[in-house]
Amino acid sequence: MHAWTGRTGEELAHMAGSGQELLRWTVMEGLGKSAVPLLGMISGYLLAGSRRALHWRSHVSAKARTILLPMLLWNAIAIGCVSGAAMAGLIQAPVPHSARWMIEEMLALTRAPDINVQMPFLRDLFVCMLIAPWLVRWRPPALALLAAAIAGVAVIGLPQPLLLRPIILLFFVTGMIAGKTVLAERAAALPLIVALLPFLLLMPVKVALSLPPAPFSVSHPHAMALLDLAMRIAAALAFWRMAHGIAQTRLRIPLLRIEPYAFFLFCAHLVLIWLGGPAIGQWTGPLGTPLYPTFLLMQPLLALAASILLAKAISHISPRAARILSGGRLARSDDGLAPARKMPSAKRQVRPTPAAA
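Going by full-length UniProt numbering, the residue at position 122 of the sequence shown is 122; the numbering climbs one at a time, nothing skipped.
Right, here's the structure in full:
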């Protein structure tokens, strides 16, 4: 999760340990960062049984249209809108200063972009898709060995040129294992408290040790990386179990109606926060003011509403542009919201739909 704070990095460092900064850090570390691995896991889970993934050329071509192209377009939109607003003096934001900066902002070759900091997920997910036709042929034991090796790379921090965040591939492979075995069904059948307990126990520990200046993470980087990985695994289990439970209730209907906008929201939300945060912040105040906690907790809902309105407007003007920017997930509808999909029978397993797959 990303949120507008109205503070510089230096100001945030001085506010470390305050109640509002603790709230922001808890929401960001405990919930926001835990969602991304689950998206990678769902992507691998859905590909595990896909015959299309066996054909490298057609598979990669499709993923280039639905992952790589939207990433490039949204990064270009971010530079044009956010940096443009900064150069016009409307907001404080990164502006182009070199060709290298532009390349990194567009492609995220060696680091996360300064504006669309969430895009390394799509970059790494596309790398996963490049090797998926090979991995999908592997048996679960071989995939498990690969997952263990990737986990070691992630914890130790071994440098490698392919992935910015190796845990994306780790969870992608784990999702494939779940799709080839009964692991997903067993996780969905766990009692809710059993699925939630590891996450509820690990999250406060991770948040407490991550708070700036975070001396533990500096003095024990490998232990911190292992804790971070354990919490993300626990979060994936918890959210998987909750998603399966929700899929069996009436709540699935409104969620399925907004689900086609999830990828659009993922790509657009930071542009909206960069541009809209300062405007709303003039009324609520920055981090540290009385109304800021309310604004912080409302930002995901505000970003969702703004994304749906923006997607509807684009769909009305150019349905093709909306389809491209949403990775093929949006189609024009009469009421501007995608119709709820017909759910499978309750006797069948319900596979969650990835926000970016």
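We put the beta carbon where it would ideally sit given N, CA and C, even for glycine.
CB-CB length for Trp4 against Gly281, believed under 8 Å: For the purposes of this step, residue 4 is identified with residue 4 of the sequence shown, where counting begins at 1. For the purposes of this step, residue 281 is identified with residue 281 of the sequence shown, where counting begins at 1. Cβ-Cβ separation between Trp4 and Gly281: approximately 6 Å, consistent with a contact (criterion under 8 Å).
Give a yes or no on whether the C-beta atoms belonging to Leu270 and Val117 are separated by under 8 Å. Taking the sequence shown and counting its residues from 1, one reaches residue 270 at position 270. Taking the sequence shown and counting its residues from 1, one reaches residue 117 at position 117. Their beta carbons are under 8 Å apart, which means Leu270 touches Val117 by this criterion.
Decide yes or no for the touch test of the segment 182-198 against the segment 49-66: beta carbon pairs closer than 8 Å, at least 3 of them. The segment 182-198 makes no contact with the segment 49-66: fewer than 3 CB pairs, one atom from each, lie closer than 8 Å.
Excluding five sequence neighbours on each side, which residues of the same chain lie with their C-beta closer than 6 Å to the C-beta of Gly17? Mapped onto the sequence shown, residue 17 falls at position 17. Contacts found: none.
Whole-angstrom distance between Leu310 and Arg320, CA atom to CA atom: Taking the sequence shown and counting its residues from 1, the one referred to as residue 320 is at position 320. Taking the sequence shown and counting its residues from 1, the one referred to as residue 310 is at position 310. Rounded to whole angstroms, the separation of the alpha carbons of Leu310 and Arg320 is 14 Å.
Nearest residue (CA-CA) to Leu202, options Leu146, Leu190, Tyr45, Leu227: Within the sequence shown, numbered from 1, the residue matching residue 202 stands at position 202. Selected option, being the one with the closest Cα: Leu227.
Tell me which residues share the same chain as Ser217 and place their Cβ nearer than 7 Å to its Cβ, disregarding the 5 neighbours each side in the sequence. Taking the first residue of the sequence shown as 1, we reach residue 217 at position 217. Around Ser217, the same chain offers Leu209, Ser210, Met224 as residues with beta carbons nearer than 7 Å, after the five sequence neighbours per side are excluded.
Given this structure, state the Cα-to-Cα distance separating His59 from Val127, to the nearest angstrom. Stepping through the sequence shown from its first residue, residue 59 is reached at position 59. Stepping through the sequence shown from its first residue, residue 127 is reached at position 127. Going by the C-alpha atoms only, they are around 12 Å apart.
Using the rule of at least 16 other Cβ atoms within 10 Å of the residue's Cβ for burial, across every protein chain shown, is Val182 buried or exposed? Walking along the sequence shown from the start, residue 182 turns up at place 182. In this structure Val182 is exposed. Its beta-carbon is surrounded by fewer than 16 other beta-carbon atoms within 10 angstroms.
Check: Leu200 C-beta below 7 Å from any heavy atom of the ligand FMN: In terms of ligand content, the structure shown is empty, and the ligand FMN therefore cannot be addressed.
What ranges does the beta strand (DSSP E) occupy inside the segment 202-259, keeping only unbroken runs of at least 3 residues that lie completely in it? Correct list: empty.
Sequence-distant residues of the same chain with beta carbon closer than 8 Å to Ser219, five excluded per side: As a working mapping, residue 219 is identified with position 219 in the sequence shown. Counting only Cβ-Cβ distances below 8 Å, and skipping sequence neighbours, we find nothing.
Taking only the alpha-carbon atoms, compute the straight-line gap between Ala238 and Leu192 and give it to the nearest angstrom. The residue given as residue 238 occupies position 238 in the sequence shown. The residue given as residue 192 occupies position 192 in the sequence shown. Straight across, the Cα-Cα distance linking Ala238 with Leu192 is about 8 Å.
Whole-angstrom distance between Pro213 and Ala230, CA atom to CA atom: By 1-based counting over the sequence shown, the position of residue 230 is 230. By 1-based counting over the sequence shown, the position of residue 213 is 213. If you draw a straight line from the Cα of Ala230 to the Cα of Pro213, it comes to about 22 Å.
Please classify residue 405 as buried or exposed, where buried requires at least 16 other C-beta atoms within 10 Å of its C-beta. This structure cannot speak to residue 405, because the chain is shown only from 1 to 357.
Locate the alpha helix (DSSP H) running through His59, then write down its first and last residues. By one-based count along the sequence shown, residue 59 stands at place 59. In the DSSP annotation of this structure, the continuous segment of the alpha helix (DSSP H) that includes His59 starts and ends at 56-63.
Nearest-angstrom beta carbon gap, Leu287 and Glu21 [assumed within contact, 8 Å]: The residue given as residue 21 occupies position 21 in the sequence shown. The residue given as residue 287 occupies position 287 in the sequence shown. Sure, about 7 Å apart at Cβ, within 8 Å.
Return the residue from the list Ala85, Ala268, Ala112, Arg139 that minimises the CA-CA distance to Leu304. Here residue 304 corresponds to residue number 304 of the sequence shown, with the count starting at 1. Looking at the Cα atoms, Ala268 is the closest of the given residues.
Any contact of the segment 131-140 with the segment 171-187, i.e. 3+ C-beta pairs under 8 Å? With a cut-off of 8 Å on Cβ pairs, the segment 131-140 is in contact with the segment 171-187, counting three or more such pairs.
Per DSSP, what kind of secondary structure is Pro198 in: helix, strand or coil? If you number the sequence shown from 1, residue 198 lands on position 198. Pro198 sits in a helix when the DSSP states are folded into three classes.
Less than 8 Å between the C-beta atoms of Lys206 and Glu29, yes or no? Numbered from its first residue, the sequence shown carries residue 206 at position 206. Numbered from its first residue, the sequence shown carries residue 29 at position 29. Result yes, Cβ atoms of Lys206 and Glu29 sit closer than 8 Å.
Could you check how far apart the C-beta atoms of Arg232 and Ser34 are, in whole angstroms? I think they sit under 8 Å. Start at 1 with the first residue of the sequence shown, and residue 232 comes out as number 232. Start at 1 with the first residue of the sequence shown, and residue 34 comes out as number 34. Rounded to the nearest angstrom, the Cβ distance from Arg232 to Ser34 is 6 Å, consistent with a contact under 8 Å.
Candidates Ser315, Leu200, Ser307, Met176: closest to residue 361 by CA position: Because the chain is modelled from 1 through 357, residue 361 falls outside the range shown and cannot be assessed.
Assuming the contact rule is C-beta atoms closer than 8 Å, residue 368 and Pro120 should be a hit. Round their C-beta distance to whole Å, please. In the structure as shown, the chain begins at 1 and stops at 357. Residue 368 is therefore absent and cannot be evaluated.
Mind checking whether Pro37 and Ile156 have CB atoms under 8 Å apart? As a working mapping, residue 37 is identified with position 37 in the sequence shown. As a working mapping, residue 156 is identified with position 156 in the sequence shown. Going by C-beta atoms, Pro37 is not nearer than 8 Å to Ile156.
8 Å contact criterion, which Ile115 and Trp274 should meet: CB distance rounded: Within the sequence shown, residue 115 is the residue found at index 115, counting from 1. Within the sequence shown, residue 274 is the residue found at index 274, counting from 1. Taking 8 Å as the upper bound for CB-CB distance, Ile115 and Trp274 are in contact here, some 7 Å apart.
State the start and end residues of the unbroken alpha helix (DSSP H) segment that holds Leu47. As a position in the sequence shown, residue 47 is number 47, starting the count at 1. Element bounds for Leu47: 33-47.
I need the straight-line Cα distance from Leu163 to Ala108, nearest angstrom please. Position 163 of the sequence shown, counted from the first residue, corresponds to residue 163. Position 108 of the sequence shown, counted from the first residue, corresponds to residue 108. About 10 Å.
Less than 8 Å between the CB atoms is what I'm expecting for Met106 and Leu146, so what's the real figure, rounded? Walking along the sequence shown from the start, residue 106 turns up at place 106. Walking along the sequence shown from the start, residue 146 turns up at place 146. The beta-carbon separation of Met106 and Leu146, rounded to 30 Å, does not stay under the 8 Å limit for a contact.
So, helix, strand or coil for Gln160, using DSSP? Position 160 of the sequence shown, counted from the first residue, corresponds to residue 160. Of the three classes helix, strand and coil, the one that applies to Gln160 here is coil, per DSSP.
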